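Heads up: the structure comes next, in structure tokens.
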Amino acid sequence: MNTNPSNDIMKLTPITLQVTAEAILAYAELTNDYNPIHLDPEFAKTTAMGGVIAHGTMSLNLVWQALAQTLGDAALHHGVMQIRFKRPVRIGQQVTARGEALAEAPGDYAIWVESEEGVRVIEGTFKRSMESLA
Amino acid sequence: MSELYVYDRFEVGKLVGSSSETVSEPLIGHWARLYPWDVPAESGPVPAGLLSVLMMRIYQTVLAGRPPGNIHGSQKFVITALPEPGETVDGSLRCLSKTPRGERRFIDFEFSATGRGGRALFTGVMTMIWAA
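Quick mapping for you: the protein sequence lines, in order, are chains S and V. Quick note: the first sequence uses the working numbering, first residue 9, plus one each step. Quick note: the second sequence uses the working numbering, first residue 107, plus one each step.
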């Protein structure tokens, strides 16, 4: 793992996950989250989502991995992540976490997860603390 | 069976409950099967993504008996330290706010987690769109 705590990295190393029904079930087991909107197509069809969606944090975890891969674990300490789950992620989609440095706030990053088509499904910021930048 | 956690049941400012999860070997193994590129070192802190997992596991325990179909709308995390393998994480969940917007019911939960000896690990705010 890259432990370079450099402040001048402009882009995060992208991390990609293929979303499958098996991966969603494995994530349900990992988190004990068996909400039928993630697992039951018949139920999910009756909701505003119109079908099964993946757990939001399953994709969000890719952002943590991109941050750690690029900046090192130490950079995450005292960091503040704030995101919105903008769009549902469906079975069969491939999602990739990306990020780039914010020009107006050195050390901070715009972060997002996007589909293969480049549509952002998660979007937000990661702000590093002064301690981690020292 | 305990009463269902419907929207009207939550009281703003009130602690919803607390629970604990241990960063066990099976948990780490399960994580590594799903994210094989993010296997933690034998010693030292676990991957940061496991914070989401620990938070969601504690959330499921504290809020057992939720209406089906809730959706995770947004999330904030503030990390103080990452837990280590074998460490037990104590988490508590508080109802921070409730906001109806049209037909949607938003609830903000404040989550805070401590580890061994009460050391601060992370806090967060999760916004859920509540189904009923």
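Think of the CB as a built atom: it goes at the ideal place given N, C-alpha and C, for glycine as much as any other residue. Quantities reported herein were computed from a predicted structural model and do not represent experimental measurements.
- According to the DSSP assignment, residue 135/V belongs to the alpha helix (DSSP H) that extends over 131 to 140.
- Contact between residue 214/V and residue 198/V does not hold, since the beta-carbon distance rounds to 15 Å and is not under 8 Å.
- When the five nearest sequence neighbours on each side are left out, the beta carbons in the same chain lying within less than 8 Å of the beta carbon of residue 193/V are those of 128, 129, 221 and 222, in order along the chain.
- For residue 59/S, the closest Cβ of chain V is not nearer than 8 Å.
- With respect to residue 166/V, residue 41/S sits close: the two C-beta atoms are nearer than 8 Å.
- Excluding five sequence positions before and after residue 108/V, the CB atoms of its chain that fall closer than 8 Å to its own CB belong to 170 and 171, given in chain order.
- Listed by position along chain V, the residues whose Cβ is nearer than 7 Å to that of residue 76/S are 153 and 154.
- Taking C-alpha positions only, residue 115/V is separated from residue 227/V by approximately 29 Å.
- Secondary structure at residue 174/V: coil, using DSSP grouped into helix, strand and coil.
- A contact is defined here as three or more CB-CB pairs under 8 Å, and the region 118 to 138 of chain V fails this definition with respect to the region 121 to 135 of chain S.
- By the Cβ test, the region 138 to 158 of chain V is not in contact with the region 42 to 55 of chain S, since fewer than three Cβ pairs between them sit closer than 8 Å.
- Under the 8 Å criterion on CB atoms, residue 22/S is classed as non-interfacial with respect to chain V.
- Contact check for residue 120/S against residue 154/V fails: the beta carbons are separated by 8 Å or more.
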